[in-house]
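A.B. asks: Before I ask anything, let me first share the structure, which is written out below as structure tokens.
Numbering (full-length UniProt numbering), first residue to last: 1 to 168.
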């Protein structure tokens with residue numbers, strides 16, 4: 001089950017179902033049927049607008065974002081699909097902190113629901129740094145299907161890896 005590295009930690013019966021789908025060559029069709037809609041968020045500017053709209057709807061009182069962009073440097077092997085950073089810079093005699101969100105370039109072509117899931121995940125880090133209960137409650141508040149989307153994204157990554165389309 002080395003090809004199921006994105007699904008590590010899930011129960012064995014579930015992994016067996018995924019392995020069956022893979023052996024029957026049905027995993028890609030299942031994902032395509034479940035998530036047929038793509039998105040038009042292809043540029044960094046469009047991504048900025050997309051993430052800002054989510055932030056405005058759900059996290060109005062959070063600190064502002066300085067930058068949101070696709071990042072081709074994010075490597076899936078380091079278990080990152082996006083990053084949230086607090087960048088500190090000296091401006092004059094003051095230390096300024098700016099928040100940045102970077103999302104793996106993989107999401108330019110991913111189904112729309114997966115882009116939303118990763119954007120919600122990174123926005124939740126504005127309030128909660130750790131992946132604790134409060135963090136996941138906020139994710140579910142912003143995207144009620146968050147946990148299902150996270151699992152399905154893992155299936156999608158597994159499918160891409162099996163197809164040789166992941167440069168992790």
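Quick reminder that beta carbons are idealized off the backbone N, C-alpha and C, glycines included. Note that the structure is a prediction, hence the values are computed from the model and not measured.
Going by beta carbon distance, what residues of the same chain come within less than 6 Å of residue 6, once the five residues before and after it are set aside?
C.D. replies: 154, 157, 158
A.B. asks: Out of 113, 39, 55, 24, which has the shortest C-alpha to C-alpha gap to residue 127?
C.D. replies: 55
A.B. asks: Checking 8 Å against the spacing of the C-beta atoms, do residue 113 and residue 50 come in under that value?
C.D. replies: no
A.B. asks: When DSSP builds the beta bridges, which residues end up paired with residue 33?
C.D. replies: Answer by DSSP bridge pairing: none, since residue 33 is not bridged.
A.B. asks: Rounded to whole angstroms, what's the CA-CA distance from residue 138 to residue 164? Just pull it up for me.
C.D. replies: 34 Å
A.B. asks: Quick one: any contact between the segment 129-137 and the segment 10-26, if contact means 3 or more CB pairs under 8 Å?
C.D. replies: The segment 129-137 is not in contact with the segment 10-26.
A.B. asks: For residue 1, does the count of other Cβ atoms within 10 angstroms reach 16, so buried, or fall short, so exposed?
C.D. replies: With a pLDDT of 44 at residue 1, under the threshold of 50, the predicted position of this residue should be treated as unreliable, though the coordinate-derived value follows. Counting the other CB atoms within 10 Å of its CB gives residue 1 a total below 16, which places it among the exposed residues.
A.B. asks: When DSSP labels each residue in this structure, what does residue 1 get in the three-state scheme?
C.D. replies: Because residue 1 sits at a pLDDT of 44, beneath the cut-off of 50, its placement in the model cannot be relied upon, and the following sentence gives the value as read from the coordinates. Collapsing the DSSP output to three states places residue 1 in coil.
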